[in-house]
Amino acid sequence: MLKNSEQNYGLVSRANHWLSAILFIGLIALGLYMHELEKSPEKFELYDLHKSLGIGLFMLMMLRLVWLKVSPNPEQLSKNKFEHILGHAVKGILYLAMIMMPISGWIMSNSGGHDVSFFTLFTLPNFVGENEIIHEIAEAIHGTAGLVLIAIILLHIAGALKHHLVYKDATLLRMLGKNKKEQ
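In this text, residue positions in the sequence shown follow full-length UniProt numbering: the first is 1, and each later residue adds one.
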């Protein structure tokens, strides 16, 4: 089943979710690691990899937004109104971060005098010339959004585990392509 149903996530949504999760966690780890490195050819190669993966994640996010119009997500299983609202808020912040992080990184690179390319296949247009003030603002947004993102991802994981371990509902199983009966 490619599309989502009223009860379950389809293959497209599940694949996008898990690929995005792996990329996001990898990008955060890579970003933290390379930030601490001294300037060197290795550091610039890692920056190029980080930018390429960031573009890939941005493309997945755009696909996700289009797919939501084609195949809406199943309704949350939470019966607690606060948790239902919190779940929507966390998802909204995750979506916003998946858009803000690559855009702020793109602006940060361009305003720092660097191109942004996708694995040397193509280079994104340079909308912002070299500008120290814009660079510092974009860098602050990118860094702050990264920290917020770490917190939101941890909250997202905690919520999924609470549903699975405490409520024993199918929230996590649905994202694994299983339903409650298969457990």
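Note that CB positions come from ideal geometry on N, CA and C, so glycine has one too.
Identified DSSP bridge partners for residue i
| i | result |
| --- | --- |
| F122 | F118 |
Alpha-carbon to alpha-carbon, residue j and residue i
| i | j | result |
| --- | --- | --- |
| A138 | K3 | 37 Å |
| Q183 | G113 | Here the model assigns Q183 a pLDDT of 47, short of 50, so the residue's position is not dependable, and the following value carries that caveat. Cα to Cα, Q183 sits roughly 53 Å from G113. |
| H156 | N80 | 16 Å |
| A158 | I133 | 38 Å |
| G146 | I28 | 7 Å |
| L53 | F118 | 8 Å |
| V166 | A160 | 10 Å |
| H84 | F24 | 24 Å |
Minimum C-alpha distance to residue i - residue among the options
| i | options | result |
| --- | --- | --- |
| L154 | R64, L121, L94, L65 | L94 |
| M175 | H142, E130, E75 | E75 |
| H17 | K69, M98, S52 | M98 |
| V12 | L65, G31, K39, F58 | L65 |
| G143 | H35, Y9, Q7 | H35 |
| L124 | G31, I85, K162, M59 | M59 |
Contact belief for residue i with residue j at Cβ below 8 Å, rounded distance in angstroms
| i | j | result |
| --- | --- | --- |
| L77 | T171 | 5 Å |
| V90 | S111 | Incorrect: roughly 30 Å between the Cβ atoms, too far for contact. |
Examine the Cβ distances between the stretch 129 to 138 and the stretch 97 to 116 and report whether three or more of them are shorter than 8 Å.
Because the criterion of three Cβ pairs below 8 Å is met, the stretch 129 to 138 and the stretch 97 to 116 touch.
Is there contact between the stretch 39 to 49 and the stretch 62 to 72, where contact requires at least three CB pairs shorter than 8 Å?
no
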